[in-house]
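Chemist: For reference, each letter of the sequence shown is one residue, going 195 to 352 in the numbering used here.
No residue lacks a Cβ here, since even glycine has one placed at the ideal position from N, Cα and C.
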Amino acid sequence: MIDFKIKVMIKNSLIIFLLFFSFSTFSQDKKNEIDLIKTTIENYYNGYINRDFLLLEKAFDHQNGTMKVPILKDEKIIGFQNHFFKDLIQRWSSREKLSDDVLKKCALTILNLDIVEQKIASAKINMKVDKTMYIYILSLQKIAGDWKITNKTFVIKE
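1) Three or more C-beta pairs closer than 8 Å, one from the region 232-248 and one from the region 297-306: is that the case here?
2) Work out the CA separation of Lys205 and Thr347 for me, nearest whole Å.
3) Report all residues from its chain with a CB closer than 7 Å to the CB of Ser218; omit the five preceding and five following residues, and keep chain order.
4) Mind checking Thr326: buried by the 16 CB within 10 Å criterion, or exposed?
5) Alpha helix (DSSP H) containing Ser288: first to last residue?
6) Looking at the unbroken alpha helix (DSSP H) that takes in Leu249, where does it start and where does it end?
7) Assuming Ser287 and Asp246 are in contact, meaning their beta carbons sit under 8 Å apart, how far apart are those beta carbons, in whole angstroms?
8) Determine the direct distance from the alpha carbon of Lys313 to that of Ala338, and round the result to whole angstroms.
9) Kindly list the residues whose CB is nearer than 7 Å to the CB of Met321, restricted to its own chain and excluding five residues on each side of it in sequence; keep chain order.
10) Hey, out of Ile235, Leu230, Asn226, whose CA is closest to Leu249's CA?
11) Mapping the DSSP letters down to three states, classify Lys270 as helix, strand or coil.
12) Consult DSSP for Leu292 and reduce its assignment to one of helix, strand or coil.
13) Could you give the DSSP three-state label for Asn226: helix, strand or coil?
So, in structure tokens, the structure goes:
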């Protein structure tokens, strides 16, 4: 009778330990993925404001990734077209450098981050560049082990 109770206690203790260990491992993996995604977003932000081609290239899927750009007619949006990041990051990094005063006014805020199966993610961010506030929705995917921005759409906050 005592042996049976001891076996049950050992079994229950083992189950509790395994559940706790599994949960903490899952939590740690998720935290690591969050940090990696934040780094990708920060590479985009820092690459954009500092006109740094290499940081932008690290952040984006520059082979197939796209940004939705508004099509305007009579100052109204009538649709959106895809612009490839491979063209955009070249353009962004070639722009005139921002002054130190403007750089001091720049800010990045990650508002929301959602990760699915550690393979895809979405992020909503605010990016202030000088006096303009952009709100972006980013789609990210893990490509060859690295998080990359694969799609981007935006509005300019009024």
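Modeler: Let's see:
1) yes
2) 52 Å
3) Unreliable positioning characterises Ser218 in this predicted model, as indicated by a pLDDT of 48, which lies under 50. The coordinate reading is nonetheless provided below. There are no such residues.
4) exposed
5) 279-288
6) 247-253
7) Contact holds; Cβ gap of about 6 Å.
8) 11 Å
9) Tyr239, Leu302, Tyr328, Tyr330
10) Ile235
11) strand
12) coil
13) helix
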